[in-house]
Structures are given as C-alpha cells and as structure tokens.
C-alpha cells in the first residue's frame, strides 16, 4: 500500500479579502 | 549557499491548490465559482459575503511595486482601501479570478485571470451583523 501524499488544503476564506467597512460617516 | 526563495506568494492561489469549502467539499482554486463562496459564507455562520466594487486603481506612491485599490463595500457603500501586489487575484462576481496584472499572476501562480478594472464587483467577506 502506498501512503497518499499529504496535500495542503486551504480554507475558502483565505482566498477572499476581509474588507471590514469602517463607519466614518 | 542555497538560493534565496522569491518573496513568498500565498500558495493558496497556485493553480491546482486544493480549497476546502465550508460545506466540506474540496475544489481546485481555478475551478471555484461565485456560488462556492456564497454557499460557504451561508453555512459558515458569522460571515457574510459582500459585494465590493472597484472604484479606483492606482500605483502606490508610498510602497513602490504595490497597487492601491479603492472599494465601496456592501449596501452601505463604505469606502475601503487596500495595498496589494499587482498579481494578487480577486474573485469577481460572475467572472472569476481577476488581477491588476494577469500576466504576473499567470507567471507566479499559473492561475488564469481576467484584467481587474474599475467597476468590477469583487467577492469579499465581513462579519455578519447580529439582527
């Protein structure tokens, strides 16, 4: 049996910017 | 001495990178679609997908080599500015991965991109406001 190579898995939210609006008005 | 690696680029943007959606499903980064982000935010709890429209793109005066992106975010149209390398991909609603320099994105990540332009609406996340 061949051990499957571990492949890094990234969470979906690491791909999109976290744009937190600042309430400046 | 070993060669110094190039400045690290986030490997999650490399073509073929495996991405886990909030549903548990695994997809390659280049296969992601708008609905994958929307559904993931829905099941995540506490996160909300916002539409962030690109309203201005400039080269950074303070940080050479970076571009300054101005967004209006969400229903409030709040203004947000971020500095990123030109190869940084953003996911545009209905279009897919886009960057200020699709050529550099292809070189560094192997990821096919559209050209990010003013008026494009990008996927972004914010914290869900309690009702």
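Protein chains in written order, with the numbering used here: chain G, 953 to 977; chain S, -13 to 117.
C-beta atoms are modelled at their ideal positions from N, C-alpha and C, and glycine is treated no differently.
As the structure is a prediction and not an experimental result, all values here were calculated from the model.
Any chain G beta carbon closer than 8 Å to residue i
i: residue 3 (chain S); result: yes
i: residue 119 (chain S); result: Here chain S covers residues -13 to 117 and nothing more, so residue 119 (chain S) does not appear.
i: residue 36 (chain S); result: yes
i: residue 12 (chain S); result: yes
i: residue 97 (chain S); result: no
i: residue 40 (chain S); result: no
i: residue 53 (chain S); result: no
i: residue 59 (chain S); result: yes
Residue i: contacting residues in chain S (beta-carbon distance under 7 Å)
i: residue 966 (chain G); result: -2
Residue i to residue j span [Cα, whole Å]
i: residue 23 (chain S); j: residue 94 (chain S); result: 24 Å
i: residue 87 (chain S); j: residue 32 (chain S); result: 33 Å
i: residue 49 (chain S); j: residue 102 (chain S); result: 20 Å
i: residue 44 (chain S); j: residue 55 (chain S); result: 7 Å
i: residue 969 (chain G); j: residue 76 (chain S); result: 8 Å
Residue-level contact to chain S via CB, residue i, 8 Å cutoff
i: residue 971 (chain G); result: yes
Partners in chain G for residue i, counting only beta-carbon separations shorter than 8 Å
i: residue 110 (chain S); result: 968, 969, 970 and 971
i: residue 128 (chain S); result: Nothing about residue 128 (chain S) can be reported from this structure: the residues present for chain S run from -13 to 117 only.
Within chain G, partners of residue i - CB distance below 7 Å
i: residue 23 (chain S); result: 964 and 968
i: residue 79 (chain S); result: Those do not exist, as residue 79 (chain S) stays about 11 Å from chain G at its closest Cβ, beyond 7 Å.
Proximal chain G residues relative to residue i, where beta-carbon distance stays under 9 Å
i: residue 118 (chain S); result: Since the first residue shown for chain S is -13 and the last is 117, residue 118 (chain S) is missing from the structure and cannot be characterised.
Residue i Cβ short of 7 Å to the ligand FMN heavy atom set
i: residue 30 (chain S); result: For the ligand FMN, the structure offers nothing, since it holds no ligand at all.
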